[in-house]
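Here is the structure we will look at, set down as C-alpha cells.
In my numbering, the protein residues as written are 426 to 1224.
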C-alpha cells in the first residue's frame, strides 16, 4: 500500500509482522498524541515498541562507528516491509531501574549532581569540590598531575577543579599536583548498609568441594566457580578438616592468579566473591531463587558509621543553613523544593533555578512524596517510569517520538489528570507522543487512536480502528463498546467473618495506624500514590501466616522460559508422556536430554557477525521445535510434545481433561490460566514475548493454587483492557465465595465499586499521608464523598 500522506506528517508502517501482527498497515500522525488500545496481547506493544521504536533505535545505532557499535546492544531489524517518517524515539518504559545498590532517585536524575555542586559552593565548612559530596567516589586521598596548555582560550585541563590558562599565544605547558577526595563512607563503601554473612548458609562443612560443599546457587561441584578453589585448598577433603590457614584462604582469601588446565584464572575467597557478585545488586531486583538465598544467608543492617547516609564524615559536616547534604537527600522532595526556593544566593542563582525546576517536576508528576535517597530499585514500575519522564520534561529537543507504556499505572484518578497534562505538554513542544493505554481517562485526551484486535494472541494482530476518539465509540470494536463502561455500586455487600487486627503500624510514612481488616470479604485499599497503601498491607498483613501475597515484582525469564515452565505445568506433562511411552521424563524437555543436538533446544541457530546484526535462523535439524527427532516419535493422546506445547491454553485444557491424555495436575493449572484470561496463550510461548499485563496475570494464576486463607493482590488491573476488568472482578468473587479473604490494593474505580469494604489512606502522599481517612462500604464512601477517593468514585458511578 503506497503512502497516502507526506512522510513529514506521518509515520508510515507497512507489512508489520512482529510477534502476532498480521501484515499491519497503518499511518500515525506526527506531532500528535496517539493512544494505542486493545486487549492485552492484541499486538499494541508489538507495533509500538517492537516495530516503530525498535527500528528507530536500530537506525540511530547504525550511525555510530563500527567500533562503538561493538559495545552497544545488537538490535535486529523488525519484521516489517516498510517504515517511513521515523524520528528519534525515546522509550519511557516501566522496567525496574538499575540493580546497582548505589543507585538512588537522586543519582538516577540530575538532582544529586546539582546538590553536590551547591554544597561545594555554599557548604560551611568548605571541604572541597563536588566529588567530596559523592558517595560513589572513594574517600581516600589520591594524587596525580594536571597538564595546562598555555595559550589563551586554547588552554585546557586534564583533571581537577581548577585549571588556569596562560597568556594568549604563550604556547607553554606546566604540570601541577592535584588531589581527589570523594565522599564515600569507608565502612559501607557508599551503600548505607553493612552485611553479616552466615557461613553455614554458604558451605556444608561436612562435605568436600568435590561433593558439593558450596551451597550457593550456581556453584556446582563441576563448575569453574568451584573448581578454581582446588588450586589453593584440597578439593577432596571436608571443609571442616581444613587447616586454619586453608579455611582463611578459602573463605576470605585475596584475589590471586592461578593456572588450571592450561587456563589462567583468578581465585578469590568465597565471602568477598559473594559480596561482589550478589550483594552489589539491589535485593529487590534479583531473580527469585537468588533473592531467597540472600535473604536466608545475609543480614543487612544500617551502617553504624554513617547512619545509613552513605557519606564520609567530612561530607556530613558541611552544612547550608544547618542542613547537610545527607539531610537534604532525606527530605521529602516537596520539602526539599521549598528549602531550595528559600536559598537566595546570587552567586549560584542559575543552579538554584535549575534545581528548583527539577524538584518541582517531581512534585508535578506526582512523585513529591519520594526522597532523593530512596534506592531506585525499590520504585514500582509506574514510579520508575515517571522518574525517567522527569528527564524529558525540561528537554529542549523537539520532533522526538516519545513512547510510553501505560503511564497511568500506579496513579490514583486524582493524579491521572496531571499525567495527561504532562503528556500534552510534550506534544505541544512539537513532539510525537505514542501511548499504550487502557484507562479511559487517558484515552480521552488522544488526538488519534489506533485500536488493535479484535482479540488477543492469534485472534489479534490487526488494526480494527484508526481515527479520532469519537469514531472509536461508534466503531463497534471491543474497546469502543467498553470505553464508556462504568461499574455500579453493589446493592448488598458480604458480611465479614472476622478481622485482622493491625495496631501501631509505622512502616515508612504510616503514622502508628490502627485498623481492622475484615476477613471473608473483598477488601480494597485505596489512596493516592505514596499514601501508605503498600506500606500498610505488605508491612503488616503480608508477613502473617496463611497470607499469599502477589506483589508487582517483575517476572524474569529467558526465551527458554514459557508459561509451561513458569507455572510448573510442564512437569506433569513430561511425566505423563514418560509413563505413556515407558521412557524418562527428561526426554520431554528441550532444556535437558530431549534437546535437539544441533540447536541445543533453542529452536534457532544464532550466528554472530561481530559488530553487525546477530542473525537468528530456524534450526533445520528440528525445524524450530527444539526437540530431538526421536523424542517427537513418542505420543500422548495422538500428539507429540512439540504439538502439545504449541496448543493454546483453552485447547490444552480440553486435551488434558479426559481420555488417554487425562492429566489432572496439568488440567488444574490450565484451568487457572484460563480463569485469569490467558486462554489464548500457547503454553510453550517464550516469556520474553509476553506483555506486562500477561505476565502479571500469569503470576496471579500461579499463586491461585497456593494454600492460604488470605490473598493480597497489588494492582491486579495493571495491563488489563476495559473488557477484562469485569472478568477479573468475577475471579475475585470466586476466590471470596470459596471462603478466602481477598485484599486488593487498587486505584481502578470499578474495583473500588465492587468491594465489600474500603480502607482509604491519605489524605495526601508521603508525610501528608500515612493515616486511615475512611473505613466502610463503597456506598458509604460515595455518600460521604470522603477525600479524593470518595469524590472520584462518586463521579465515576454517576452519583
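Built from N, CA and C at the ideal position, the CB exists for glycine as well.
Does the distance from the CB of residue 510 to the CB of residue 564 come in under 8 Å?
-> Stepping through the chain shown from its first residue, residue 510 is reached at position 85. Stepping through the chain shown from its first residue, residue 564 is reached at position 139. Contact: no.
Rank 956, 895, 914 and 962 by C-alpha distance to the C-alpha of residue 928 and give the top, closest one.
-> Counting from one through the chain shown, the residue named residue 928 turns up at place 503. Nearest C-alpha to residue 928: 962.
Boundaries of the alpha helix (DSSP H) in which residue 502 is found, first to last residue = One-based indexing of the chain shown puts residue 502 at position 77. Counting along the chain, residue 502 falls outside any alpha helix (DSSP H), and DSSP gives it neither H nor E.
Nearest CA to the CA of residue 515: which residue from 493, 822, 777 and 1087?
-> As a position in the chain shown, residue 515 is number 90, starting the count at 1. The shortest C-alpha separation from residue 515 is found at 822.
Determine the burial state of residue 472: buried for a count of at least 16 other Cβ atoms within 10 Å of its Cβ, exposed for fewer.
-> Mapped onto the chain shown, residue 472 falls at position 47. Classification for residue 472: buried.
What is the rounded straight-line gap between the Cα of residue 534 and the Cα of residue 541?
-> As a first step, residue 534 is located in the chain shown; it is residue number 109 there, counting from the start. As a first step, residue 541 is located in the chain shown; it is residue number 116 there, counting from the start. About 13 Å.
With burial defined as no fewer than 16 other Cβ atoms inside 10 Å of the residue's Cβ, what is the status of residue 1219: buried or exposed?
-> As a working mapping, residue 1219 is identified with position 794 in the chain shown. Here residue 1219 is buried. Its C-beta has 16 or more other C-beta atoms within 10 Å.
Just the Cα atoms here: how many angstroms apart are residue 1072 and residue 452?
-> Here residue 1072 refers to the residue found at position 647 of the chain shown. Here residue 452 refers to the residue found at position 27 of the chain shown. Those two C-alpha atoms are separated by around 34 Å.
Which residues in the same chain as residue 747 place their Cβ atom closer than 6 Å to its Cβ, once the five residues preceding and following it in sequence are excluded?
-> Taking the chain shown and counting its residues from 1, the one referred to as residue 747 is at position 322. Excluding positions up to five away in sequence, the list is empty.
Residue 1101, DSSP secondary structure in three states | In the chain shown, counting from the first residue as 1, residue 1101 sits at position 676. Coil at residue 1101, not helix or strand.
Use the C-beta contact count for residue 687: other C-beta atoms within 10 angstroms, 16 or more gives buried, fewer gives exposed.
-> Within the chain shown, residue 687 is the residue found at index 262, counting from 1. Classification of residue 687: exposed, given that the 10 Å Cβ count is below 16.
Measuring alpha carbon to alpha carbon, tell me which of 616, 1183 and 797 ends up nearest residue 729.
-> Numbered from its first residue, the chain shown carries residue 729 at position 304. By alpha-carbon distance to residue 729, the top candidate from 616, 1183 and 797 is 616.
Every unbroken beta strand (DSSP E) within the region 985 to 1069, with a cutoff of 3 residues, ordered by chain | Listed in chain order, they are 1029 to 1032 and 1040 to 1043.
The alpha helix (DSSP H) with residue 673 in it runs from where to where?
-> For this step, residue 673 is matched to residue 248 along the chain shown. Its alpha helix (DSSP H) spans residues 669 to 677.
From what residue to what residue does the alpha helix (DSSP H) around residue 539 run?
-> Numbered from 1 along the chain shown, position 114 holds the residue referred to as residue 539. Counting along the chain, residue 539 sits inside the alpha helix (DSSP H) bounded by residues 536 to 547.
So is residue 497 buried or exposed if we call it buried at 16+ other beta carbons inside 10 Å?
-> As a working note, residue 497 is residue 72 in the chain shown. Flag for residue 497 reads exposed.
Host alpha helix (DSSP H) of residue 1078 (start-end) | As a position in the chain shown, residue 1078 is number 653, starting the count at 1. Membership of residue 1078 in the alpha helix (DSSP H) is indicated by the continuous run 1074 to 1080.
Just the C-alpha distance for residue 1101 and residue 1137, rounded to the nearest angstrom, thanks.
-> For this step, residue 1101 is matched to residue 676 along the chain shown. For this step, residue 1137 is matched to residue 712 along the chain shown. Our two residues, residue 1101 and residue 1137, have alpha carbons roughly 16 Å apart in a direct line.
For residue 735 and residue 657, the rounded distance between their alpha carbons = Along the chain shown, one-based indexing puts residue 657 at 232. Along the chain shown, one-based indexing puts residue 735 at 310. Going by C-alpha positions, residue 657 is about 35 Å away from residue 735.
Of the choices 488, 1192 and 519, whose alpha-carbon is the least far from that of residue 804?
-> On the chain shown, position 379 is the one that residue 804 refers to. For the residues 488, 1192 and 519, the minimum Cα distance to residue 804 belongs to 519.
Run through DSSP, which three-state label would residue 805 get?
-> Your numbering for residue 805 matches position 380 in the chain shown. Coil.
In this structure, does DSSP put residue 610 in helix, strand or coil?
-> Residue numbering aside, residue 610 sits at position 185 when the chain shown is read from its first letter. Note: residue 610 maps to coil in three-state DSSP.
Pick helix, strand or coil for residue 603, following the three-state DSSP scheme.
-> Locating residue 603 in the chain shown gives position 178, where the first residue counts as 1. With a pLDDT of 43 at residue 603, under the threshold of 50, the modelled position of that residue is not reliable, and the figure given next carries that caveat. Reduced to three states, the DSSP call for residue 603 is strand.
Does the region 538 to 555 come close enough to the region 779 to 792 to have 3 or more Cβ pairs within less than 8 Å?
-> Yes: the two stretches touch, three or more of their Cβ pairs being nearer than 8 Å.
Does DSSP put residue 1184 in a helix, in a strand, or in coil?
-> Here residue 1184 is taken as the residue at index 759 of the chain shown, counted from 1. Correct three-state label for residue 1184: strand.
Taking the Cβ atom as the reference point for each residue, do residue 870 and residue 908 lie within a distance shorter than 8 Å?
-> As a working mapping, residue 870 is identified with position 445 in the chain shown. As a working mapping, residue 908 is identified with position 483 in the chain shown. The answer is no: Cβ separation not under 8 Å.
For residue 998, which residues of its own chain have a beta-carbon under 6 Å away from its beta-carbon, when the five flanking residues on both sides are left out?
-> Stepping through the chain shown from its first residue, residue 998 is reached at position 573. Excluding five sequence positions before and after residue 998, the CB atoms of its chain that fall closer than 6 Å to its own CB belong to 1091, given in chain order.
Which of helix, strand or coil does DSSP assign to residue 630?
-> Residue numbering aside, residue 630 sits at position 205 when the chain shown is read from its first letter. Residue 630 falls in the coil class under three-state DSSP.
Straight-line gap, residue 1062 to residue 972 (C-alpha atoms, nearest Å) | Along the chain shown, read from residue 1 onward, the residue named residue 1062 stands at position 637. Along the chain shown, read from residue 1 onward, the residue named residue 972 stands at position 547. Those two C-alpha atoms are separated by around 39 Å.
Helix, strand or coil: which one does DSSP assign to residue 1217?
-> In the chain shown, the residue the question calls residue 1217 occupies position 792. For residue 1217, the secondary structure class from DSSP, reduced to helix, strand or coil, is helix.
Rounded to whole angstroms, what's the CA-CA distance from residue 456 to residue 1125? Just pull it up for me.
-> Sequence index remark: in the chain shown, residue 456 carries index 31 (1-based). Sequence index remark: in the chain shown, residue 1125 carries index 700 (1-based). So the two alpha carbons sit approximately 39 Å from each other.
Which whole-angstrom value describes the C-beta separation of residue 846 and residue 793, a residue pair presumed to lie in contact below a C-beta threshold of 8 Å?
-> Mapped onto the chain shown, residue 846 falls at position 421. Mapped onto the chain shown, residue 793 falls at position 368. About 15 Å separates the two Cβ atoms, so there is no contact after all.
Spell out the partners DSSP gives residue 692 in its beta bridges.
-> Counted from its first residue, the chain shown places residue 692 at position 267. For residue 692, which the question treats as bridged, DSSP gives the partners 681.
Cβ-Cβ distance between residue 933 and residue 957 below 8 Å = On the chain shown, position 508 is the one that residue 933 refers to. On the chain shown, position 532 is the one that residue 957 refers to. Yes, the pair counts as a contact, with Cβ atoms nearer than the cut-off.
Can you name the start and end residues of the beta strand (DSSP E) that residue 622 belongs to?
-> On the chain shown, residue 622 is found 197 positions in, with the first residue counted as 1. That run of the beta strand (DSSP E) goes 618 to 622.
For residue 942: DSSP bridge partner residues = Taking the first residue of the chain shown as position 1, residue 942 is located at position 517. In the DSSP output, where bridge partners are listed per residue, residue 942 has 925.
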